[in-house]
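Under the working numbering, the letters of the sequence shown match residues 50 to 492, in that order. Glycine is no exception: its CB is placed at the ideal position from the N, C-alpha and C atoms. Below is one structure, written out as structure tokens; the observations come after it.
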Amino acid sequence: MIDISPEMITILMFAGLLLGLFMGHPLAFVLGGLAVIFGLIGWGPSMFYMFMNRIWGTMDNYVLLAIPLFVFMAQLLDQSGVADELFKALRYVLGQVRGGILLSVIVVSTIFAACTGIIGASVVTMGLLAVPMMRKYGYDKKMSYGSICAGGTLGILIPPSIMLVVMASEATLSVGKLFAAAVVPGLILASLYLLYVAIRCFFKPELGPPISKEERAGVTTGQIAMMVLKSLVPPMILILGVLGSLFFGIATPTEASGVGAFLAFVMVLAYRKFTWRGLYRAVIQTAKINTMVIIILCGATCFTGVFLGVGGGDVVTDFVLGLGLGKWGTFWVMMAIVFILGMFIDWIGIVLICFPIFLPIAKQLGFDPLWFVVMIAVNLQSSFLTPPFGYALFYIKGIDPDRIDIKDVYRGIIPFVALMLIGLVICALLPQVIMWLPDVLID
Numbered sequence: 050m051i052d053i054s055p056e057m058i059t060i061l062m063f064a065g066l067l068l069g070l071f072m073g074h075p076l077a078f079v080l081g082g083l084a085v086i087f088g089l090i091g092w093g094p095s096m097f098y099m100f101m102n103r104i105w106g107t108m109d110n111y112v113l114l115a116i117p118l119f120v121f122m123a124q125l126l127d128q129s130g131v132a133d134e135l136f137k138a139l140r141y142v143l144g145q146v147r148g149g150i151l152l153s154v155i156v157v158s159t160i161f162a163a164c165t166g167i168i169g170a171s172v173v174t175m176g177l178l179a180v181p182m183m184r185k186y187g188y189d190k191k192m193s194y195g196s197i198c199a200g201g202t203l204g205i206l207i208p209p210s211i212m213l214v215v216m217a218s219e220a221t222l223s224v225g226k227l228f229a230a231a232v233v234p235g236l237i238l239a240s241l242y243l244l245y246v247a248i249r250c251f252f253k254p255e256l257g258p259p260i261s262k263e264e265r266a267g268v269t270t271g272q273i274a275m276m277v278l279k280s281l282v283p284p285m286i287l288i289l290g291v292l293g294s295l296f297f298g299i300a301t302p303t304e305a306s307g308v309g310a311f312l313a314f315v316m317v318l319a320y321r322k323f324t325w326r327g328l329y330r331a332v333i334q335t336a337k338i339n340t341m342v343i344i345i346l347c348g349a350t351c352f353t354g355v356f357l358g359v360g361g362g363d364v365v366t367d368f369v370l371g372l373g374l375g376k377w378g379t380f381w382v383m384m385a386i387v388f389i390l391g392m393f394i395d396w397i398g399i400v401l402i403c404f405p406i407f408l409p410i411a412k413q414l415g416f417d418p419l420w421f422v423v424m425i426a427v428n429l430q431s432s433f434l435t436p437p438f439g440y441a442l443f444y445i446k447g448i449d450p451d452r453i454d455i456k457d458v459y460r461g462i463i464p465f466v467a468l469m470l471i472g473l474v475i476c477a478l479l480p481q482v483i484m485w486l487p488d489v490l491i492d
């Protein structure tokens, strides 16, 4: 044991965290390694007993069983081709509107988000479908890449979302209430994206030219209506099956995730996309993603345990409250910290590091925990869009590395990050945007 002040340990732990990430080490090992180093400094070998208890508490959390089933559901849906069919249908519906393909991307991404809860599948799928089409019709590159990235990130906010499951577990909130609270903010962000694209393309048609009348004339209105119906009904059934069973108390989160996985499997069969090789890939990918999440959870819970144990939480709390900015000033400082951390740290790390520190401050200031958690969830949209570590930016770059310039991607996401911040302000000024649906459906 070494006698170091809590203030110095706080600085060293966060400096070590940023250094480890900039050196390219995995988040789980950076968090776990720092926990061991500073745990030995603070307690000596006895800290391993604390690690054992915290890791066991994470593994023993029944709510987290929903994660692998939701991931498996997303993998099956990715194979089903539901996004392909829906995009084709909406392309005919909105194709003659300026920016129609961009609007179709955001609408399909919103629906896909309510089915999967994983952004990687959404960004890659929509990129593969839409980028060639946008090139064909001469769409603006920056607007195209920004729309795909922004639409894809809705998957972490619109339920069922893995991030919301982890947040509910860490904040000891009802998963059903948190899902309900996140619905309207997610739809507000989607609406802001749609409105922005529609207005920009209306005044500058060269950003998103409509498809040719000849291509549209080859399909009748009845055929388009049937395409929309066939592509829209199955995902709507899945959304109602998962969220409906949860909101109305028919199923627990884990049971609802099982319902979703079953319905997704039925959709794969219905679309005639089932193969044993595809099922094997879905199972393996589910195992990989779930393992990654659990390892990060274990590393982060040890890091948080050491950080709080050596007094780091009190240091941050005293610092934030000592700024003398009042209730709302302190709130926006916390939001700014989350936004900045999102540029460098994965959402799991932010949730597990910030929740034990910020939630007590929020309660002390009189904020509703449910509202505060959703505000952080909205804020964390940016963590997938802001460089240098915005995952959505690299997902779309990976679709066609030779033809997609990362500079165009960076420029394209700037307006959408600004719109996300506008959505955050709307949710702050109108708390009922978040609280209304859980009050109606659950309370």
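Out of Asp457, Ile207, Pro258, Leu287, the CA that lies nearest to the CA of alanine 239 is found in Ile207.
Runs of the alpha helix (DSSP H) lying entirely within the segment 387 to 428 and spanning at least 4 residues, in chain order: 396 to 414, 418 to 428.
Per DSSP, the unbroken alpha helix (DSSP H) holding serine 280 starts and ends at 270 to 288. Pairwise C-beta distances place the segment 428 to 444 out of contact with the segment 240 to 248, as fewer than three of them are shorter than 8 angstroms. About 7 angstroms separates the beta carbon of leucine 151 from that of serine 193, a gap short enough to meet the 8 angstroms contact definition. 9 angstroms or more divides the Cβ of valine 423 from the Cβ of alanine 162. Annotation: the continuous alpha helix (DSSP H) that includes phenylalanine 228 extends over 224 to 252.
Here the alpha carbons of proline 234 and leucine 486 stand approximately 11 angstroms from one another.
Isoleucine 410 places its beta carbon less than 9 angstroms from that of threonine 366.
If only complete runs of 3 or more residues are kept, the segment 296 to 384 shows no beta strand (DSSP E) anywhere. According to the DSSP assignment, serine 54 belongs to no alpha helix (DSSP H), since it is labelled neither H nor E. Here the C-alpha atom of tryptophan 396 lies approximately 33 angstroms from the C-alpha atom of lysine 322.
As summarised for the segment 442 to 466, there are no continuous beta strand (DSSP E) elements at least 3 residues long confined to that stretch. When secondary structure is reduced to three states using DSSP, isoleucine 155 falls in the helix class. Only residues of its own chain outside the window of five on either side were considered, and among them Leu125, Gln128, Ser129, Phe323 have a CB closer than 7 angstroms to the CB of valine 317, listed in chain order.
In the three-state reduction of the DSSP assignment, arginine 184 falls in the helix class, which pools H, G and I.
Classified as exposed, serine 261 has fewer than 16 neighbouring CB atoms from the shown chains inside 10 Å of its CB. Looking from the CA of alanine 64, the closest CA among Pro436, Gly375, Phe393 belongs to Phe393. DSSP, read as helix, strand or coil, puts serine 432 in helix. The three-state secondary structure of valine 79, taken from DSSP, is helix. For phenylalanine 119, the enclosing alpha helix (DSSP H) covers residues 115 to 129.
Counting every other CB atom within 10 Å of its CB across the protein chains shown gives glycine 461 a total of 16 or more, marking it as buried.
Straight-line measurement puts the Cα of isoleucine 116 at about 22 angstroms from the Cα of glycine 200.
The straight-line gap separating the alpha-carbon atoms of isoleucine 273 and valine 157 is approximately 16 angstroms. Comparing C-alpha distances from threonine 202 to each of Ser223, Val224, Leu178, Thr165 shows the shortest one belongs to Thr165.
Phenylalanine 368 sits exposed, since fewer than 16 C-beta atoms from the chains shown fall within 10 Å of its C-beta.
Leucine 370 and valine 146 have their C-alpha atoms roughly 51 angstroms apart. Our two residues, glycine 195 and proline 436, have alpha carbons roughly 13 angstroms apart in a direct line.
Leaving aside the five residues that flank serine 153 on each side, the residues in its chain whose CB is nearer than 7 angstroms to its CB run, in chain order, Phe136, Leu139, Arg140, Leu143. Under a 10 Å Cβ-count criterion, alanine 385 is classified as exposed, with fewer than 16 other Cβ atoms of the shown protein chains found around its own Cβ.
Valine 364 is not a Cβ neighbour of glycine 91, given a cutoff of 9 angstroms. Arginine 103: member of the alpha helix (DSSP H) spanning 96 to 108, first to last residue. Annotation: the continuous alpha helix (DSSP H) that includes glutamate 219 extends over 211 to 220. The continuous alpha helix (DSSP H) containing tyrosine 194 extends over residues 190 to 201.
By the C-beta density criterion, tyrosine 98 is exposed, having fewer than 16 other C-beta atoms within 10 angstroms.
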